[in-house]
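Here the structure comes first, spelled out in structure tokens, and everything after it is commentary.
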Amino acid sequence: MMSRPDGSFDEKRLNQNGDPGGHQSVSTSAHNAAVGPETRLLSAFRKDTHHRKVCLAGREYYSKEGKTFELRLVGKIKQQLSADPTLRPEYAPSLGLIDFTRRATEAALGKSSCAIVENRVLGVQTPGFTAAVRLGAELLKHWHDVSAAWCGPVYLSTPCDDSLAGIFQAAGIQDIREYYFWDDRQRGVCLEKLLEDLERAPQQSVVVLSVSGHYPTGADLSQNQWAVITQLIMRRRLFPFLLLPVQALCYGELERDAWPVQYCASQGMELLCAQSFSHCFGLYGEAVGHLLCVLKQSSLRLSLQSRAERIVQSLWAQPSVGGAQVVATVLSNPAHRVEWQLEVMHMVERCMLIRHILRERLRLLGTPGSWEHLTQQRGLYCCAGLNGQQVEFLSNRRHVYLLPGGCLNISAINGHNLDYVTESIHLVLTTLL
Amino acid sequence: MMSRPDGSFDEKRLNQNGDPGGHQSVSTSAHNAAVGPETRLLSAFRKDTHHRKVCLAGREYYSKEGKTFELRLVGKIKQQLSADPTLRPEYAPSLGLIDFTRRATEAALGKSSCAIVENRVLGVQTPGFTAAVRLGAELLKHWHDVSAAWCGPVYLSTPCDDSLAGIFQAAGIQDILSGHYPTGADLSQNQWAVITQLIMRRRLFPFLLLPVQALCYGELERDAWPVQYCASQGMELLCAQSFSHCFGLYGEAVGHLLCVLKQSSLRLSLQSRAERIVQSLWAQPSVGGAQVVATVLSNPAHRVEWQLEVMHMVERCMLIRHILRERLRLLGTPGSWEHLTQQRGLYCCAGLNGQQVEFLSNRRHVYLLPGGCLNISAINGHNLDYVTESIHLVLTTLL
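As given, the protein sequences belong to chains A and B, one line each in that order.
Heads up, the final residue of the first sequence is numbered 523 in our numbering, and it's a clean run with no missing numbers.
Heads up, the final residue of the second sequence is numbered 598 in our numbering, and it's a clean run with no missing numbers.
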């Protein structure tokens, strides 16, 4: 996960597998057509030579210097672990490091959760968030019926991470549908339309819900909205698959960010939850993903574990444990935990500050539109409510790259680009396109 | 990949996901029935309380103390990398670190391979060897026909890694068949020539496995001679590699899938498909281990130092093979043991049947791999006598 800097904003991700002989392969249009919009976007940013270009489309948390960074405590722990002579290189268990899955499970459900006490919970460490979703999809195929393969439907929010559909489909679950989520006019979640869509979902449909820090809009459901939605889910016998790719960066606390998971579990629901500790530990791409499974009865746990092991055996055999050990070491030690919490809180507060400054700047410029949602919502991502044309204008004419749907990564805004970004947003919203 | 020692021989692999409240789940027979023979074996070994118990069924290379260990150079490189202030945590590209895939590709094909020069090669870093095989299986589904899904047959050797069939089947390739194959043996160069002739004539597709590269001859490229040979015949092929053993980087995402195509024009669409598949599996691999491998293999001085450590492992394996053969000869153990020293590498087959393997585990507490094979490196000064006596006993006892 450590790479030599090519520049900031994850430009390394764009290095497609070049000719091992030393020449970069030339990308053809056929090649580009096959990759997702996010990859095309980052590729275009990398090729852009404009001196003021700004990328607001990356996924990681960026420092005020515009770079990813290693948390101080993480660096310390890594050094301790590498200097420890009693530690030897070993394969992890197939379901991952027990210390990690224990802490990850507690981070989602809370230590004293009934589900944990009643042994109705299974936690699996995975090589990242995507792998956790994939494992969940594979488990869902035979969740209700061991013999028949369930193949959907799965409901995804609009908008959502554009790789999600592909993960379910690759697992053989072809029927992917959408439920209304982000409303441009309201600059937030439109609950009525969301409920309408879910009301029509057939029984056993899986509903993919963001727990906190919704990607890419940043719009999260309120506690009241969660109460209403879970009522519907239980009444219509739907299955919740909760996503927590950026745990802790909304409120600076693992358990607080995961409140919806605790709430669903307290209602006696079964659920899946895909988590990642990559952002709150600065451990990008280091196999600190986790799939949490909450069952209705503890008697089902062992067969679920069996199935999970069999699936893992056919996918990656076992996860790597370097990152998981850091996470487990920090979360098991109260002193470390306090120190880590401070670094995380700093990231959260910086995001809130940028949101306030952004809202204030746009207000002072007199930029049309409502910007209250910037500070009402929390976390890494937010939606600027721009349409496709406006997003294209921003990238082509202003060299400011947003996520598809007009969303952006708050942490990517800093002292160097704040003025240019706010002027650009103002410009695109006051220019007739 | 670093774990606190529970004991040697990978006992950590047996720690099923215990109750997060702190209690270990009790394994039921229903649970056990679902896991492979290797896991059951390791599980039985762990529960065995006999003071002389010996596990010869692990996968890693064990030192003479019976433990896995970090290569000295690897420890050094890891410290250098972690102390480097210019390195920042970042997601890798979806197909992995380019420096790693370049070196891994060269390690299999040789630097001056035509296939590389002609741009007919794609290398993908994967989260381990299993993941490389899975990615290969997924790519095979549409290798010849983008629209129709190919579903087999796949021919596996007997015996083989018992997880292979499951990997292909999980990818939707149901038709898995076993070919009869000399057990525990590597093919000679002559045998490779004959087999590749047949493969080309019958239009079969070779999927080559290299899970323990460099531990046969102590050199990456030499161990991979068959891959170079197939490529030199103009064949298309897949090759799953792992650098875990020769770098002591167990479970650290240093797997690699090498694809050799017949024409360079096919390369970009293959890369596209690989990226799409990776996007639905793990998104990107972790790069810590891959950086160590790339750093070592790109630096001539590092490479020499690394080579010495690897050669030491190889020579120790050869020595154990000789000693084992000699001991069995001295004991007058029935059977032919020439193959022990004619073959190389980490694993060998003792030619025991199921009953005999069970006798060894139940009565002598000596655990072998299914099929009566064993991990040579797991034999050391502490258990050599007991192991050779046990083998002698089981082959001279009427069961």
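We treat Cβ as the ideally placed atom computed from N, Cα and C, and that holds for glycine.
Beta-carbon proximity list for residue i, same chain, < 8 Å, skipping 5 on both sides
i: A/F159; result: S153 and G372
i: B/A658; result: Outside the shown range of chain B (200 to 598) lies residue 658 of chain B, about which nothing can therefore be said.
i: A/E462; result: R277 and R449
i: A/W240; result: L230, K231, H232, W233, H234, I263 and Q294
i: B/T395; result: P405, Y428, C429, Q432 and M434
Buried or exposed by the 16-neighbour rule on C-beta atoms within 10 Å, applied to residue i
i: B/A347; result: exposed
i: A/T220; result: buried
i: A/L254; result: buried
i: B/D283; result: exposed
i: A/T419; result: buried
i: A/P551; result: A question about residue 551 of chain A goes unanswered here, because the residues of chain A that appear run from 91 up to 523.
i: A/A474; result: buried
i: B/K277; result: buried
i: A/S396; result: buried
i: B/L255; result: buried
i: A/D509; result: exposed
i: B/H581; result: exposed
i: B/K461; result: exposed
i: B/D298; result: buried
i: A/H304; result: buried
i: A/H380; result: buried
i: A/A261; result: buried
i: A/L199; result: buried
i: B/L149; result: Residue 149 of chain B lies beyond the stretch modelled for chain B, which goes from 200 to 598, so this question has no answer here.
i: A/L311; result: buried
i: A/D174; result: exposed
i: A/T512; result: buried
i: B/Q596; result: Correcting the residue identity first, residue 596 of chain B is Thr in this sequence and not Gln. Counting Cβ neighbours within 10 Å, B/T596 comes out exposed, since fewer than 16 surround it.
i: B/R245; result: buried
i: A/E208; result: exposed
i: B/L507; result: exposed
i: A/G478; result: exposed
i: B/T587; result: buried
Spatial neighbours of residue i in its chain, beta-carbon cut-off 6 Å, leaving aside the 5 residues before and after
i: B/L583; result: none
i: B/K310; result: none
i: A/L362; result: G226, F331 and C383
i: B/A233; result: Bear in mind that a pLDDT of 45 at B/A233, under 50, signals an unreliable position, so the number given afterwards is only what the model happens to contain. Nothing meets the Cβ criterion.
i: B/H249; result: H564
i: B/C415; result: D422, R543 and G544
i: A/L455; result: H516
i: B/T300; result: G322 and Q324
i: A/S368; result: Y374 and V378
i: B/W391; result: P425 and Y428
i: B/H501; result: V495
i: A/I323; result: P330
Contact belief for residue i with residue j at Cβ below 8 Å, rounded distance in angstroms
i: B/H455; j: B/V323; result: 7 Å
i: B/Q388; j: B/A306; result: Not really, about 19 Å apart at Cβ, beyond 8 Å.
i: B/P569; j: B/D344; result: Not confirmed; about 36 Å, so no contact.
i: A/C472; j: A/L464; result: 6 Å
i: B/F442; j: B/L448; result: 7 Å
i: A/Q480; j: A/L523; result: 7 Å
i: A/H489; j: A/R224; result: Contact flag wrong, Cβ pair sits at about 35 Å.
i: B/R287; j: A/K157; result: 6 Å
i: B/H444; j: B/Y261; result: Their Cβ separation, rounded to whole angstroms, is 11 Å, which puts B/H444 and B/Y261 out of contact at 8 Å.
i: B/V453; j: B/S293; result: Rounded, the Cβ-Cβ distance is 17 Å, inconsistent with contact.
i: B/R302; j: B/A493; result: 6 Å
Sequence-distant residues of its chain with Cβ nearer than 7 Å to residue i (five each side left out)
i: B/C438; result: A307, L407, L409, V426 and L457
i: A/L187; result: Q215, V411, A414, Q415 and A418
i: A/Y270; result: T248, C280, K283, L284 and D287
i: B/G534; result: G550 and L594
Contact test: residue i Cβ vs the ligand COA heavy atom, cutoff 8 Å
i: A/A198; result: Absent from the structure shown: the ligand COA. Ligands present: none.
Worksheet item: Contact between the segment 317-332 of chain A and the segment 395-415 of chain A: three or more CB pairs below 8 Å?
Response: Touching, no.
Worksheet item: Counting Cβ pairs, one atom from each stretch, are 3 or more of them under 8 Å apart for the segment 134-150 of chain A and the segment 487-497 of chain A?
Response: Yes, since at least three Cβ pairs between the segment 134-150 of chain A and the segment 487-497 of chain A fall closer than 8 Å, the two stretches touch.
Discussion item. Would the segment 332-340 of chain A count as touching the segment 430-443 of chain A if we require 3 or more Cβ pairs under 8 Å?
Written reply: Because the criterion of three Cβ pairs below 8 Å is met, the segment 332-340 of chain A and the segment 430-443 of chain A touch.
Worksheet item: Is the segment 427-436 of chain A touching the segment 180-195 of chain A in the sense that three or more CB pairs, one from each, lie closer than 8 Å?
Response: No, the segment 180-195 of chain A is not in contact with the segment 427-436 of chain A.
Practice prompt. Just list the alpha helix (DSSP H) runs in the segment 340-393 of chain A, keeping only unbroken ones of 4 residues or longer that don't cross its boundaries, in chain order.
Written response: Complete alpha helix (DSSP H) runs here, min 4: 344-347, 349-356 and 368-371.
Worksheet item: Would you call the segment 516-529 of chain B and the segment 472-491 of chain B touching, i.e. three or more CB-CB distances under 8 Å?
Response: The segment 516-529 of chain B vs the segment 472-491 of chain B: no contact.
Practice prompt. Kindly provide the ranges of any alpha helix (DSSP H) runs that are 4 or more residues long and lie completely inside the segment 277-333 of chain B, ordered along the chain.
Written response: With a minimum length of 4 residues, the continuous alpha helix (DSSP H) runs that stay inside the segment 277-333 of chain B are 297-308 and 313-316.
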